[in-house]
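Peer 1: Residue numbers (this note's numbering), protein chains in the order written: chain A, 1 to 219; chain B, 1001 to 1219.
All C-beta atoms, glycine included, are put in the ideal place defined by N, C-alpha and C.
Have a look at the structure that comes next, please.
There are 2 protein chains.
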Amino acid sequence: MNTREKIILASLDLFNERGERNITTNHIASHLGISPGNLYYHFRNKTDIIYEIFLQYQLLVDHYLQAPEGRPLTVEDQFDYLESVFDGLWSYRFFHRDLEHYLESDERLKADYRKFTQRCIGSVVNIIRGMELSGILRPVSDHLRRSLALNVWLVVTNWMSFLKTAAGEESALIRKDTLKHGIYQVICLEAPYLQPAFYDQVTGLQQNYSPSVLNDLGL
Amino acid sequence: MNTREKIILASLDLFNERGERNITTNHIASHLGISPGNLYYHFRNKTDIIYEIFLQYQLLVDHYLQAPEGRPLTVEDQFDYLESVFDGLWSYRFFHRDLEHYLESDERLKADYRKFTQRCIGSVVNIIRGMELSGILRPVSDHLRRSLALNVWLVVTNWMSFLKTAAGEESALIRKDTLKHGIYQVICLEAPYLQPAFYDQVTGLQQNYSPSVLNDLGL
DNA sequence: ATATTTTTAGAGTATATACTCTAGGTGTCA
DNA sequence: TGACACCTAGAGTATATACTCTAAAAATAT
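Shown next as structure tokens:
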């Protein structure tokens, strides 16, 4: 692996583990055992490192949200989508934490991220429509489908932050599988629109993500 | 108004307008025309200022979410709740932006905020139950009511961040009334559970918050 | 082998930032 | 009037942080 890639990986790691705000370029360099000068040879500044990480994140999520080729959507497809997206959120979890700040200090990122959000919500809309077509969900209006997709996006992208801020001592360490309890909340959003024939199957699978966490929290 | 109160107000103002990360204690002092020494006479550090602001925020929201005295909940009550809460979110909008960071650097705040979240979600649960009792919503299981309340909380507290990150040039300036389009999304969450007798009234009022923004965004 | 380009080290710097310290002013109450 | 607590000014400091600059090593091409 070349130095540039190493910098990206180490930065992502450190940002995820200790928070971007607490990690300086000097930290990154010394963590890799390279000089600051070397780091700045490969990246003009810290903002550029973050932008590069975003590009990878974007690639990953876009890939995850692709529609299956010429076949109707299944219930399993939906859970696969959710599993993948939460995996992605986990791997790049520092990103949504101070997103607003990054967008403020990088116009490129701001424009790109906006388009990314649109694509993602568009994909969710398509997935919902796909499930209507395969008879999993009852048909809904374009308007409602859009609102539903948007709410899904809000729950998905902010679930991590909720866990981190609302979780107490005992579950202070959030792991990838804790994060996936968010899937339970997403299924709650779509449950009212499930066709009777699929209701039991979906809510059955939903139980795999039952948020015992919330009980711990007394919620 | 005494100096201590002035510092709190000025800090809140500057944090909201320019982002807490961009505002130093020296900025706050010079904005008020007082010396840094003076500021540090009243507050041990910046963290303490943020904590004090949180206490005010908490007081406000707790007040907003009180149950009405010995009468059933009305549809208007619900919209009042939502209007108030979004007002509160607007006035203290800097707070949810880097919340995780504040909780990391202040154990008091972390504990208090956790309890605050629990109280808030508890209030939402009560409001939902209230609406079931007054026949606005169909009765739901405790489990579902909780999940619903949690999703409401997620949408409400993260709507601002969504607008800021997904909104483009044209609507880059988010105002209080733009923020309230979030109410539309919240009503979408409860719509499936509305009793037929109230469906038209609620969805009618919902239209007042119709997110033309989203059309601008091409969503 | 030589020339040239790419990569790296590491000391160094300008600036910012949270916070301190001392001295002095101001109001209050006996 | 004097004692005393409260409040304020403002220069100053230790530290951090993003980033620069020069020179040299390593890789690559001719």
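#1: According to the Cβ coordinates, are A:Asn158 and B:Asn1158 closer than 8 Å?
#2: Assign A:Ile7 to buried or exposed, taking buried as 16 or more other Cβ atoms, counted over all protein chains shown, within 10 Å of its Cβ.
#3: Rounding to the nearest angstrom, what Cα-Cα distance links B:Val1213 and A:Ala149 in this structure?
#4: Buried or exposed for A:Pro36, please, with buried defined as at least 16 other CB atoms from any protein chain shown within 10 angstroms of its CB.
#5: Starting from the C-beta of B:Pro1068, find all residues in its chain whose C-beta is less than 7 Å away, skip the five residues before and the five after it, and write them out in chain order.
#6: Please go through the same chain and pick out, in chain order, the residues whose beta-carbon is closer than 8 Å to the beta-carbon of B:Leu1103, but skip the five residues on each side of it.
#7: Take B:Arg1145 and list the residues in its own chain whose beta-carbon comes closer than 7 Å to its own, dropping the five residues that flank it on each side.
#8: Which residue or residues does DSSP assign as beta-bridge partners of A:Leu137?
#9: State the start and end residues of the unbroken alpha helix (DSSP H) segment that holds B:Ala1067.
#10: To the nearest angstrom, report how far apart A:Asn16 and B:Arg1071 are at their CA atoms.
#11: For A:Met223, name the three-state secondary structure that DSSP assigns.
#12: Nearest CA to the CA of B:Pro1192: which residue from B:Glu1083, B:Pro1139, B:Lys1180?
#13: Find the residues of chain B that neighbour A:Ala166, judging by a C-beta separation of less than 7 Å, and give them in chain order.
#14: What is the DSSP secondary structure of B:Thr1203, counted as helix, strand or coil?
#15: Give the residues of chain B in contact with A:Gln78, contact being defined as C-beta atoms less than 8 Å apart.
#16: One question on the structure: do A:Gly235 and A:Val156 come within less than 8 Å of each other, judged by their Cβ atoms?
#17: Check for me: the alpha helix (DSSP H) holding A:Arg6 runs from which residue to which?
#18: Please classify A:Leu173: does DSSP put it in a helix, a strand, or coil?
#19: For the region 1116-1143 of chain B, list every residue whose C-beta sits within 7 Å of some C-beta in chain A, in sequence order.
#20: Shorter than 8 Å from the beta carbon of A:Leu163 to some beta carbon of chain B?
#21: Tell me, please, whether the CB atom of A:Pro192 is closer than 8 Å to any CB atom in chain B?
#22: For the candidate residues A:Leu99, A:Tyr41, A:Val85, whose alpha-carbon lies nearest to that of A:Leu59?
#23: Just by C-beta distance, which residues in the region 1043-1067 of chain B are closer than 8 Å to chain A?
#24: Starting from the beta carbon of A:Asp98, find every residue of chain B whose beta carbon is closer than 9 Å, and list them in chain order.
#25: If the cut-off is 8 Å on Cβ atoms, which residues from the region 175-190 of chain A count as contacting chain B, listed in chain order?
#26: State the start and end residues of the unbroken alpha helix (DSSP H) segment that holds A:Thr25.
#27: If the cut is a Cβ gap below 9 Å, which residues of chain B does A:Leu225 touch?
#28: Unbroken beta strand (DSSP E) runs of length 3 or more, entirely within the region 71-120 of chain A: which are they?
#29: From the beta carbon of B:Leu1089, is the nearest beta carbon of chain A less than 8 Å away?
#30: Around the Cβ of A:Tyr57, are there at least 16 other Cβ atoms within 10 angstroms (buried) or fewer (exposed)?
#31: Measuring alpha carbon to alpha carbon, tell me which of B:Arg1018, B:Ile1034, B:Glu1083 ends up nearest B:Leu1205.
#32: Does any residue of chain A bring its CB to less than 8 Å from the CB of B:Glu1083?
#33: Using only CA atoms, which one of B:Leu1073, B:Arg1044, B:Ser1210, B:Ile1028 lies nearest to B:Gly1135?
#34: Grab me the residues of B:Phe1079's own chain with a C-beta within less than 8 Å of its C-beta, minus the 5 sequence neighbours each way, in chain order.
#35: Give every residue of the same chain whose Cβ lies closer than 6 Å to the Cβ of A:Thr165, excluding the five residues on either side of it in the sequence, and list them in chain order.
Peer 2: Taking the structure as given:
#1: Taking the first sequence and counting its residues from 1, the one referred to as residue 158 of chain A is at position 158. Taking the second sequence and counting its residues from 1, the one referred to as residue 1158 of chain B is at position 158. Yes.
#2: Here residue 7 of chain A corresponds to residue number 7 of the first sequence, with the count starting at 1. Looking at its Cβ environment, which holds 16 or more other Cβ atoms inside 10 Å, A:Ile7 is buried.
#3: To locate residue 1213 of chain B, count along the second sequence from 1; it is residue 213. To locate residue 149 of chain A, count along the first sequence from 1; it is residue 149. Annotation note: pLDDT 47 at B:Val1213 (below 50); position unreliable, coordinate value reported separately. So the alpha carbons of these two residues sit roughly 15 Å apart.
#4: Taking the first residue of the first sequence as position 1, residue 36 of chain A is located at position 36. A:Pro36 is exposed by the Cβ-count criterion.
#5: Residue 1068 of chain B sits at position 68 when you count from the first residue of the second sequence. So the list reads Asp1077, once near-sequence residues are dropped.
#6: Your numbering for residue 1103 of chain B matches position 103 in the second sequence. Excluding sequence neighbours, B:Leu1103 sits near Leu1109, Lys1110, Tyr1113.
#7: Position 145 of the second sequence, counted from the start, is the residue given in the question as residue 1145 of chain B. Excluding residues within five positions, the ones whose Cβ falls inside 7 Å are Val1125, Ile1128, Arg1129.
#8: Residue mapping note: residue 137 of chain A aligns to position 137 of the first sequence, counting from 1. The partner list for A:Leu137 (beta bridge, DSSP) reads A:Leu194.
#9: The residue you call residue 1067 of chain B lines up with position 67 of the second sequence. Counting along the chain, B:Ala1067 falls outside any alpha helix (DSSP H), and DSSP gives it neither H nor E.
#10: The count along the first sequence starts at 1 and reaches residue 16 of chain A at position 16. The count along the second sequence starts at 1 and reaches residue 1071 of chain B at position 71. Near 49 Å, if we compare the C-alpha coordinates of B:Arg1071 and A:Asn16.
#11: One cannot answer for residue 223 of chain A here, as it falls past the ends of chain A, which runs 1 to 219.
#12: Here residue 1192 of chain B corresponds to residue number 192 of the second sequence, with the count starting at 1. The shortest C-alpha separation from B:Pro1192 is found at B:Pro1139.
#13: Along the first sequence, read from residue 1 onward, the residue named residue 166 of chain A stands at position 166. Simply Arg1114, Thr1117.
#14: Stepping through the second sequence from its first residue, residue 1203 of chain B is reached at position 203. It is helical.
#15: For the purposes of this step, residue 78 of chain A is taken as residue 78 along the first sequence, with counting starting at 1. Those do not exist, as A:Gln78 stays about 17 Å from chain B at its closest Cβ, beyond 8 Å.
#16: No statement about residue 235 of chain A is possible, as the shown extent of chain A runs from 1 to 219 and does not include it.
#17: The residue you call residue 6 of chain A lines up with position 6 of the first sequence. Residue 6 of chain A is actually Lys in this sequence, not Arg. It spans 3-18 - the alpha helix (DSSP H) in which A:Lys6 sits, taken as one unbroken run.
#18: Within the first sequence, the letter at position 173 stands for residue 173 of chain A. In this structure, A:Leu173 counts as coil in the three-state DSSP scheme.
#19: Thr1117, Gln1118, Ile1121
#20: By one-based count along the first sequence, residue 163 of chain A stands at place 163. It does not: the Cβ of A:Leu163 has no partner Cβ on chain B nearer than 8 Å.
#21: Sequence index remark: in the first sequence, residue 192 of chain A carries index 192 (1-based). True, the Cβ-Cβ gap to chain B drops below 8 Å.
#22: Counting from one through the first sequence, the residue named residue 59 of chain A turns up at place 59. Ranking A:Leu99, A:Tyr41, A:Val85 by Cα distance to A:Leu59 puts A:Val85 first.
#23: none
#24: Here the question's residue 98 of chain A lines up with position 98 in the first sequence. Result: Arg1021, Arg1097, Asp1098, Glu1100, His1101.
#25: Tyr184, Gln185, Cys188, Leu189
#26: For the purposes of this step, residue 25 of chain A is taken as residue 25 along the first sequence, with counting starting at 1. Run containing A:Thr25: 25-32, per the alpha helix (DSSP H) assignment.
#27: Within the shown structure, residues of chain A are numbered from 1 to 219, placing residue 225 of chain A beyond reach of any answer.
#28: none
#29: Indexing the second sequence from 1 puts residue 1089 of chain B at position 89. No, B:Leu1089 does not count as interfacial toward chain A.
#30: Here the question's residue 57 of chain A lines up with position 57 in the first sequence. The residue is buried, with at least 16 neighbouring Cβ atoms inside 10 Å.
#31: Counting from one through the second sequence, the residue named residue 1205 of chain B turns up at place 205. That would be B:Glu1083, whose Cα lies nearest to the Cα of B:Leu1205.
#32: Taking the first residue of the second sequence as 1, we reach residue 1083 of chain B at position 83. No, its Cβ sits nowhere closer than 8 Å to a Cβ of chain A.
#33: Here the question's residue 1135 of chain B lines up with position 135 in the second sequence. Comparing Cα positions, the closest option is B:Leu1073.
#34: As a first step, residue 1079 of chain B is located in the second sequence; it is residue number 79 there, counting from the start. Same-chain partners within the cutoff: Ile1183, Leu1205.
#35: As a first step, residue 165 of chain A must be located in the first sequence, where it is residue number 165. For A:Thr165, where only same-chain residues beyond five positions count, there are no Cβ hits under 6 Å.
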